[in-house]
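Structure first, commentary second.
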Amino acid sequence: MHLGLIIPSSNTVMEEELSPFCTVHSTRIPLKMVNESVLKEMNTTLQVAIDLITDCSPDVLMYGCTSGSFIEDITSFFKGVSLPWATTSQAVISALDAIGAQSVSVATPYTDPINEREKQFLESHGFTVTAIAGADLQENREIGRLRSGEVYSLVESLPYADAYFLSCTNMRTFKIIERLEHERRAPVISSNSASLWKALGLVDEGPVEHCGRLLEEFL
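The numbering of the sequence shown is the working numbering, which starts it at 7 and goes up by one.
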């Protein structure tokens, strides 16, 4: 699969995590800080990015920013896109539906205001948010420097739920998903695993091993 990826300019993780499983062609849009005003300003550049990335004729187009795609409705930018497309936040909702989750505990790198917006987004799609644990980071480069062990520690503080969601495409998660699923005895999805799952599903590609139940059992 050739994935056309639109990501924030300061994202250093998503391409790294997805590239073992597909060919990634990316373009970037400006973002350094993760807060509502900057996210909305970034989204004003989406149309140019969409026009640029479609020049390479990818199989699938993905807007790879969780908070950027739940902070406001940006679907109008994609109305003229003829190839299959999705956003990370759409992929997360589809993934939670696919695994049959009704409640979800969430680990994020975000500050409380962004966590609250994410909680509202998930609840608007019918999920009960059991808890959110955030790392209270605004600078996206700092988020990209979080180690997998630090992300794991965030999840350790969360109460039981039907599923666990590790939010942010700039947060390393693939190395800890299987371990968390074994320990929590519940599905664990991340922004990057959901994005990869959604993209592969749009072109009818098969399962991926060692990245969690979502990618192994639901493709």
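Using N, Cα and C, we set each Cβ at its ideal position, and we do this for glycine too.
Comparing C-alpha distances from E215 to each of A192, E189, E184 and G207 shows the shortest one belongs to E184.
As a beta-bridge residue in DSSP terms, P14 pairs with I35. The beta strand (DSSP E) runs of length 3 or more contained entirely in the stretch 103-172 are, from start to end of the chain, 109-114, 134-140 and 169-172. K85 and V44 have their C-alpha atoms some 23 Å from each other.
The shortest CA-to-CA distance from V66 to any of T93, T29, N121 and L9 is the one to L9. In this structure, A92 is the residue among A92, E22, L221 and C28 with its C-alpha nearest to the C-alpha of I56.
For V194, the pairing in a beta bridge is given by DSSP as Y170. The C-beta distance from N41 to I120 rounds to 7 Å, short enough to fall under 8 Å. Distances from the alpha-carbon of P14 to those of T60, E23, P36 and W203 put P36 closest.
In the DSSP assignment, V66 falls outside any alpha helix (DSSP H) and lies within the beta strand (DSSP E) extending over V66 to Y69. When DSSP states are grouped into helix, strand and coil, H188 belongs to the helix group.
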